[in-house]
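2 protein chains.
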Amino acid sequence: MNIYDIAREANVSIATVSRVLNGSGSVRDLTRQKVERVLKKYNYVPSAIARGMVTNSMKTIGVVSIDIRNLYYANVSYSIEQALRVLGFSTILCNTGYNTGQKLSYLKMLAEKKVDSIILVGSTFKDPKLNKPIREISELIPIIIINGYYGYPNTYSIQYEDTGALEKSVDYLVSKGRKKFLYLYDADTFSGNQKLLGFKNAVKKHNLESDIRFIPPGIDHAYRQMCELIERGAFFDAVLASEDITAIGALQCLLDKNIRVPEDVSVMGYNNSILSLCCTPRLSTVDSMSEEMGKTAVSVLSRILAGEKVEASVKIGAKLVLRQSA
Amino acid sequence: MNIYDIAREANVSIATVSRVLNGSGSVRDLTRQKVERVLKKYNYVPSAIARGMVTNSMKTIGVVSIDIRNLYYANVSYSIEQALRVLGFSTILCNTGYNTGQKLSYLKMLAEKKVDSIILVGSTFKDPKLNKPIREISELIPIIIINGYYGYPNTYSIQYEDTGALEKSVDYLVSKGRKKFLYLYDADTFSGNQKLLGFKNAVKKHNLESDIRFIPPGIDHAYRQMCELIERGAFFDAVLASEDITAIGALQCLLDKNIRVPEDVSVMGYNNSILSLCCTPRLSTVDSMSEEMGKTAVSVLSRILAGEKVEASVKIGAKLVLRQSA
DNA sequence: AAAAAAGTTGAAAGCGCTTACAGATTGGTT
DNA sequence: AACCAATCTGTAAGCGCTTTCAACTTTTTT
Numbered sequence: 027m028n029i030y031d032i033a034r035e036a037n038v039s040i041a042t043v044s045r046v047l048n049g050s051g052s053v054r055d056l057t058r059q060k061v062e063r064v065l066k067k068y069n070y071v072p073s074a075i076a077r078g079m080v081t082n083s084m085k086t087i088g089v090v091s092i093d094i095r096n097l098y099y100a101n102v103s104y105s106i107e108q109a110l111r112v113l114g115f116s117t118i119l120c121n122t123g124y125n126t127g128q129k130l131s132y133l134k135m136l137a138e139k140k141v142d143s144i145i146l147v148g149s150t151f152k153d154p155k156l157n158k159p160i161r162e163i164s165e166l167i168p169i170i171i172i173n174g175y176y177g178y179p180n181t182y183s184i185q186y187e188d189t190g191a192l193e194k195s196v197d198y199l200v201s202k203g204r205k206k207f208l209y210l211y212d213a214d215t216f217s218g219n220q221k222l223l224g225f226k227n228a229v230k231k232h233n234l235e236s237d238i239r240f241i242p243p244g245i246d247h248a249y250r251q252m253c254e255l256i257e258r259g260a261f262f263d264a265v266l267a268s269e270d271i272t273a274i275g276a277l278q279c280l281l282d283k284n285i286r287v288p289e290d291v292s293v294m295g296y297n298n299s300i301l302s303l304c305c306t307p308r309l310s311t312v313d314s315m316s317e318e319m320g321k322t323a324v325s326v327l328s329r330i331l332a333g334e335k336v337e338a339s340v341k342i343g344a345k346l347v348l349r350q351s352a
Numbered sequence: 027m028n029i030y031d032i033a034r035e036a037n038v039s040i041a042t043v044s045r046v047l048n049g050s051g052s053v054r055d056l057t058r059q060k061v062e063r064v065l066k067k068y069n070y071v072p073s074a075i076a077r078g079m080v081t082n083s084m085k086t087i088g089v090v091s092i093d094i095r096n097l098y099y100a101n102v103s104y105s106i107e108q109a110l111r112v113l114g115f116s117t118i119l120c121n122t123g124y125n126t127g128q129k130l131s132y133l134k135m136l137a138e139k140k141v142d143s144i145i146l147v148g149s150t151f152k153d154p155k156l157n158k159p160i161r162e163i164s165e166l167i168p169i170i171i172i173n174g175y176y177g178y179p180n181t182y183s184i185q186y187e188d189t190g191a192l193e194k195s196v197d198y199l200v201s202k203g204r205k206k207f208l209y210l211y212d213a214d215t216f217s218g219n220q221k222l223l224g225f226k227n228a229v230k231k232h233n234l235e236s237d238i239r240f241i242p243p244g245i246d247h248a249y250r251q252m253c254e255l256i257e258r259g260a261f262f263d264a265v266l267a268s269e270d271i272t273a274i275g276a277l278q279c280l281l282d283k284n285i286r287v288p289e290d291v292s293v294m295g296y297n298n299s300i301l302s303l304c305c306t307p308r309l310s311t312v313d314s315m316s317e318e319m320g321k322t323a324v325s326v327l328s329r330i331l332a333g334e335k336v337e338a339s340v341k342i343g344a345k346l347v348l349r350q351s352a
């Protein structure tokens, strides 16, 4: 069943069928009805592939995310998808983890599928292997990077003020009298580095004692490593983490060791995910504005596709969410 | 830049270029190298759209999910996407919420994009408006329903033993001496109904006193409604919820009211999401096997696409995860 | 060395649509 | 009644590829 079959049965040309299908051009009312009747009769589904062949667009964009099982990425991806739906685009979702090879093969696939654009959600800090492919693809289609930056032409960046967020967090804790800081980070991403930078800035500014530890993602890792740290006699009165889940693991260890939170130690998470509301005491955290990040990316994208000149970089401001843990 | 340009520059026919591009047919080594050199030189990206036009497949499948911000759906969608990647398929992700109109328009879009299959993740209990479209689309492409059932030809169902899960939960709590049960459910899905059925079965079996309450999704709803219930003097010693998050909201209220969990009241969640590890006490829950659900769907799908005869319905067994709250 | 087999290549059709462009029809004017 | 403009419709080209089929080349067999 194709457009020819419909045209034959409706006794018109395929051009006419195409016009009623797309509501383009002008078609006499009687003709339109005749065609629509046949369309309905056969429950006709036009081929977007064939249309894409002609128009050179499948009205699809690729979203390359780290891992949607992480609530932050899920929220960003969700808001992207919903915003794109309104614009009539569908989204191909790709989870790459921190695997460069997987990212490369996804980028290649998206380029071949001629997506109208690619939105990268999160990016590793430095990955030289990605530079050339990104530059090459960006010559063909615009690339939007959420929490990342490439700086090539036709490459756009939406960033959260991660550095500022960490600075604000430390400032706040200092104002509460905290003096010895522990920072727990969990992945070598662009954002991760921004956060780390913010922490270091703040520590230097306030001339604080501090410790920085890498902890692989996961609540149990955080719990265990925190316990080890304490058992080895580490001392601190403020714990900051790059993810809510890490903060919660640490928090649970503290509580199990009968260290009071926030009386003895303040704990702050990051992302304001639903997790931060599940623990006791409720976690103070940073609202990383996942929804706004996604929406902004799509709004930038729609302006690019409309041919407007668009700023290469947008920054979204940091906001603390103070609850019980700090 | 298309296959003709490459062919001209390499001094071969487009058929030959196509062969080296796809590694199909046989090409003399010298010829292959000649072509590959040109391919590399221009960094050629073949058009999957044009290929799709010929082969009538874009190697893409549509995943229609309720909302990936919910961890369960995120996990299922993730495992689907990863399993599909291995098979060389990309996935178009669609979040529909509980909105029938949105679901319909997504289904139409997927049909037009000629996806090789559609995987529905979660489905509303009864939605007659969906029946006809589902049946019509299933005549064109196979539809896999995770936690749902249609029963049309070319329609396949992957179900979790939700009914059994609730029965087991109640059985367990009865064995612990619990007598007055409260069940909190949050959405009118197929699974939701199965769970409810399981709860009712078990209550009848054990001849228990019970109350059933609908609570809209969200931790704050659960918290508030639970508190109201208690303030109105409701009495129970076991609370079951259809989602971890609901259980946690209830749990927090109980704790705030100085009701001890699990000493005075047992609480059980559902899904074994990371949330269940974030609260204190840790939540006992049901492992809903999100990863296995997704993987099973894809393995069923791959057999369908390979032309094998496949059972129309697969059921995955229920498993309790006992922790501190019950 | 001739014939048969195997390997390699190219010409051309066709996938299902959109979109100039031209031609046909309609309606409105004089 | 003749004419022009506006509206409607159809013809045909072309989007970039895969694949069949036939032709040509090389290798193997006798």
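Which chain is which? The protein sequence lines are A and B, in order. Quick note: the first sequence uses my numbering, first residue 27, plus one each step. Quick note: the second sequence uses my numbering, first residue 27, plus one each step. Think of the CB as a built atom: it goes at the ideal place given N, C-alpha and C, for glycine as much as any other residue.
| Query | Result |
| --- | --- |
| Of the choices B:Ser310, B:Ser339, B:Gly148, whose alpha-carbon is the least far from that of Lys129 of chain B? | B:Gly148 |
| Return the bridge partner residues of Ile342 of chain A from the DSSP annotation. | A:Tyr186 |
| Here's the rule I'm using: 16 or more other beta-carbon atoms within 10 Å means buried, otherwise exposed. How should Asn121 of chain B be labelled? | buried |
| May I ask you to verify whether the segment 154-167 of chain A touches the segment 204-224 of chain A, counting CB pairs closer than 8 Å and requiring at least 3? | no |
| Name the residue from B:Thr189, B:Val200, B:Leu133 whose alpha carbon lies nearest to the alpha carbon of Ile167 of chain B. | B:Leu133 |
| Return no unless some Cβ of chain B is closer than 8 Å to the Cβ of Met84 of chain A. | yes |
| Is Asp282 of chain B near the ligand FAD, in the sense that its beta carbon is under 7 Å from a heavy atom of that ligand? | In terms of ligand content, the structure shown is empty, and the ligand FAD therefore cannot be addressed. |
| Between which two residues does the beta strand (DSSP E) containing Thr322 of chain B stretch? | No beta strand (DSSP E) holds Thr322 of chain B; the alpha helix (DSSP H) holding it covers 316-331. |
| Hey, Gly275 of chain B and Met252 of chain B are a contact pair by Cβ (cut 8 Å); roughly how many whole angstroms apart? | 7 Å |
| Let me make sure I understand the geometry here. Which of A:Asn28, A:Glu289, A:Glu269 has the alpha-carbon closest to that of Asp263 of chain A? | A:Glu289 |
| Assuming Tyr98 of chain B and Asn297 of chain B make a contact with CB atoms under 8 Å, what is their CB distance in whole Å? | 5 Å |
| If contact means a Cβ-Cβ distance below 8 Å, which residues of the segment 299-310 of chain A contact chain B? | Ile300, Leu301, Leu303, Cys304, Cys305, Thr306 |
| So, for Asp93 of chain A: in the same chain, excluding its five sequence neighbours on each side, which residues have a beta-carbon less than 7 Å away from its beta-carbon? | Tyr99, Asn121, Gly123 |
| By the criterion of Cβ-Cβ separation under 7 Å, what are the contact partners of Arg250 of chain A in chain B? | Correct list: empty, because the minimum Cβ distance to chain B is about 13 Å. |
| Three Cβ pairs or more, each shorter than 8 Å: is that satisfied between the segment 310-322 of chain B and the segment 224-235 of chain B? | no |
| Pull up the DSSP beta-bridge partners for Phe207 of chain A, would you. | A:Ser236, A:Ala264 |
| Identify whether Leu119 of chain A lies in helix, strand or coil by the three-state DSSP scheme. | strand |
| From the beta carbon of Glu138 of chain A, is the nearest beta carbon of chain B less than 8 Å away? | yes |
| Kindly list the residues whose CB is nearer than 8 Å to the CB of Ala338 of chain B, restricted to its own chain and excluding five residues on each side of it in sequence; keep chain order. | Gly177, Thr181, Tyr182, Ser183 |
| Return the bridge partner residues of Val293 of chain A from the DSSP annotation. | A:Val265 |
| Whose C-alpha, out of A:Gly78, A:Val46, A:Met79, A:Ile118, is nearest the C-alpha of Arg63 of chain A? | A:Val46 |
| Are the beta-carbon atoms belonging to Glu348 of chain B and Ser310 of chain B less than 8 Å from one another? | Looking at the sequence itself, residue 348 of chain B is Leu, so the reference to Glu does not match. A contact, by the Cβ cut-off of 8 Å. |
| Assuming Gly88 of chain A and Leu56 of chain A are in contact, meaning their beta carbons sit under 8 Å apart, how far apart are those beta carbons, in whole angstroms? | Going by Cβ atoms, the distance from Gly88 of chain A to Leu56 of chain A rounds to 43 Å, so no, they are not a contact pair. |
| Could you please tell me which residues of the segment 100-117 of chain A, in chain order, have their CB closer than 7 Å to any CB of chain B? | Ala100, Asn101, Ser103, Tyr104, Glu107, Gln108, Ser116, Thr117 |
| Leu146 of chain A lies in the beta strand (DSSP E); which residues open and close that run? | 143-147 |
| Would you say Lys152 of chain B and Asp188 of chain B are within 8 Å of each other, going by their C-beta atoms? | no |
| Using a Cβ-Cβ distance cut-off of 8 Å, determine whether Asn69 of chain B contacts chain A. | yes |
| Between A:Lys231, A:Gln278, A:Asn173, A:Pro242, which lies nearest to Ser103 of chain A when the distance is taken from Cα to Cα? | A:Asn173 |
| Which residues of chain A have a Cβ atom closer than 9 Å to the Cβ of Ile29 of chain B, listed in chain order? | What Ile29 of chain B touches in chain A: nothing, since even the nearest Cβ is about 13 Å away. |
| For Thr126 of chain B, which three-state DSSP category applies? | helix |
| Cα separation between Ser268 of chain A and Asn28 of chain A? | 54 Å |
| In the DSSP assignment, what residue or residues form a beta bridge with Thr181 of chain B? | B:Ile169 |
| Taking just the CA atoms, how far does Phe115 of chain B sit from Tyr175 of chain B? | 24 Å |
| Look up Gly374 of chain A in the DSSP assignment and say whether it is helix, strand or coil. | Coverage of chain A is limited to positions 27 through 352, which leaves residue 374 of chain A absent and any answer about it impossible. |
| Indicate whether at least one CB of chain A lies closer than 8 Å to the CB of Glu162 of chain B. | yes |
| For Pro72 of chain B, return the contacting residues in chain A, with the cut-off set at a CB-CB distance below 8 Å. | Glu138 |
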